[in-house]
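These notes concern the structure reproduced below.
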Amino acid sequence: MLIRLIYLSRPVGPQTVARTDSILRKAHAWNTENDITGMLCEGQGVYLQALEGDRNRVTSLYARIHADPRHKELELLHCESIVERRYRGWSMAHVSLSDVDPQTKIAWPEFDPYSASGALVMARIDALVACGRAVRATP
Ligand SMILES: Cc1cc2nc3c(=O)[nH]c(=O)nc-3n(C[C@H](O)[C@H](O)[C@H](O)COP(=O)(O)O)c2cc1C
């Protein structure tokens, strides 16, 4: 059975390019092997990740991610059974919510995902993907 899970968290320490690269490299390798797809939005003091795949595998991956000391305050925003994947073809798409990127600011103005509903957050993610903000997380 396929599911999609979306959670939100806050980084512990600075969200450096090196740290993001290390997360994406691991995600690309493990997710490809385990048929997990999804996307990671990061920047502006948040991680926002969607994971899709077999329920059992997504659940155990989420448990591992939950225990990762590089972030904290994890909140589960959304979890549903799905028939089709939304991020088919992406082992882990990456959207950077960089402070210095004016295009991102337009896409995400003063948005606080911690006080928004799961549905609204998902709509924001879709908007970022639709306007071409997602890039492939390949090593
Ligand atoms: C925000 C965030 C997202 C992550 N996403 C994934 C992912 O999609 N797939 C993955 O295998 N690891 C991901 N990781 C890394 C895992 O938390 C963990 O470090 C990695 O799977 C190695 O786990 P292990 O040391 O218990 O083997 C992520 C970590 C963070 C902080």
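Reading the sequence shown from the start, the letters are residues 348 to 486 in this note's numbering.
For every residue, glycine included, the Cβ atom is placed at its ideal position computed from N, Cα and C.
All of these numbers come straight from a predicted model, not from anything done at the bench.
Open item on the list: Could you compute how far the alpha carbon of L423 sits from the alpha carbon of A376?
Closed with: 24 Å
- [ ] State the Cα-Cα distance for the pair V447 and M348, rounded to the nearest angstrom.
- [x] Below a pLDDT of 50, predicted positions are generally treated as unreliable, and V447, at 45, falls in that range; the measurement from the model is reported next regardless. A direct Cα-to-Cα measurement between V447 and M348 gives close to 40 Å.
Task: DSSP-derived helix/strand/coil call for A463 - done: coil
Open item on the list: If contacts are defined as beta-carbon pairs under 8 Å, then R351 and E389 qualify, I think. What distance do you get, rounded to the angstrom?
Closed with: The Cβ separation is near 19 Å, so there is no contact.
Open item on the list: Can you tell me whether L430 is helix, strand or coil according to DSSP?
Closed with: Residue 430 is actually Val in this sequence, not Leu. DSSP places V430 in coil when its eight states are reduced to three.
Task: K419: CB within 7 Å of a non-hydrogen atom of ligand 2 - done: As far as ligands go, the structure on display features ligand 1 and does not contain ligand 2.
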